[in-house]
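Under our numbering, the first residue of the sequence shown is numbered 1361, with each subsequent residue one higher. Just so it is clear, CB atoms sit at the ideal spot from N, CA and C, and this is done for glycine as well. Here is the structure we will look at.
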Amino acid sequence: MLSKIFKSVEISRYFNNALWLLVEKGVRVIDAFFVGIWIAKYLGPNDYGTLSYSESFVYLFTAIAGLGLDQIVVKELVKTPEKRDQIIGTAMVLRTLGFMAMVFIMLPVLYYQQESTTTLYIIGLLSLSVAFQSFKIIDFYFQSEVKSKYTAICNIIVIGCLALLKVYFILFE
1361 MLSKIFKSVE ISRYFNNALW LLVEKGVRVI DAFFVGIWIA KYLGPNDYGT LSYSESFVYL
1421 FTAIAGLGLD QIVVKELVKT PEKRDQIIGT AMVLRTLGFM AMVFIMLPVL YYQQESTTTL
1481 YIIGLLSLSV AFQSFKIIDF YFQSEVKSKY TAICNIIVIG CLALLKVYFI LFE
């Protein structure tokens, strides 16, 4: 029965797409678990707490940077593929403006929190990673074309390289 279902080109295309996304999520989970435990053990309770606090602080404001565009962009790309360049360009500009708004909202909050210099540096570095999320719009294009295999492979390579970099930093202190 399954062979009959997957003979349909469309269904097999969607299944393959979903499979690549699941593989990517699996790699993320494995990385977060094993490398995350190693980082926690290396940093110790105090420094790991500072890192976790900084990540949580930045995460609170990332919704501002995203502007809720994710599903809207994919939907519009599917509905009007002829406007692809205009949709992607507009979404990238909006996400960049959203990042700037996030920073301008975070700065007064940080000022009133009176965090340590180390915490401010960590929050600053983590905030910069949000700036690069405006390029996630490219992933939305591939999602609309049901070709997530390419972004999944790229993401798996990036996750692997970052995991190796984290391990390198831990090993060589």
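Taking only three categories from DSSP, how would you classify residue i?
i: residue 1518; result: helix
i: residue 1436; result: helix
i: residue 1470; result: helix
Residue j and residue i - do their beta-carbons sit closer together than 8 Å?
i: residue 1426; j: residue 1449; result: no
i: residue 1479; j: residue 1413; result: yes
i: residue 1506; j: residue 1374; result: yes
i: residue 1497; j: residue 1433; result: yes
Do you know offhand how far residue i's Cα is from residue j's?
i: residue 1467; j: residue 1429; result: 24 Å
i: residue 1519; j: residue 1484; result: 21 Å
i: residue 1461; j: residue 1423; result: 11 Å
i: residue 1451; j: residue 1379; result: 27 Å
i: residue 1411; j: residue 1372; result: 42 Å
i: residue 1464; j: residue 1421; result: 11 Å
Beta-carbon within less than 8 Å of residue i's beta-carbon, same chain only, minus the 5 sequence neighbours each way: which residues are those?
i: residue 1516; result: 1383, 1384 and 1387
i: residue 1542; result: The structure shown does not extend to residue 1542, since the chain spans only 1361 to 1533, so no value can be given for it.
i: residue 1376; result: 1509
Report all residues from its chain with a CB closer than 6 Å to the CB of residue i; omit the five preceding and five following residues, and keep chain order.
i: residue 1408; result: 1400
i: residue 1455; result: 1494
Less than 7 Å between C-beta atoms, sequence neighbours within five positions excluded: which residues of the same chain meet that for residue i?
i: residue 1391; result: 1519 and 1523
At least 3 beta-carbon pairs within less than 8 Å: the stretch 1434-1441 vs the stretch 1487-1494 = no
message = Taking 8 Å as the cut-off, does the stretch 1388-1399 touch the stretch 1468-1480 (at least 3 CB pairs, one atom from each stretch)?
response = By the criterion of at least three beta-carbon pairs nearer than 8 Å, the stretch 1468-1480 is not in contact with the stretch 1388-1399.
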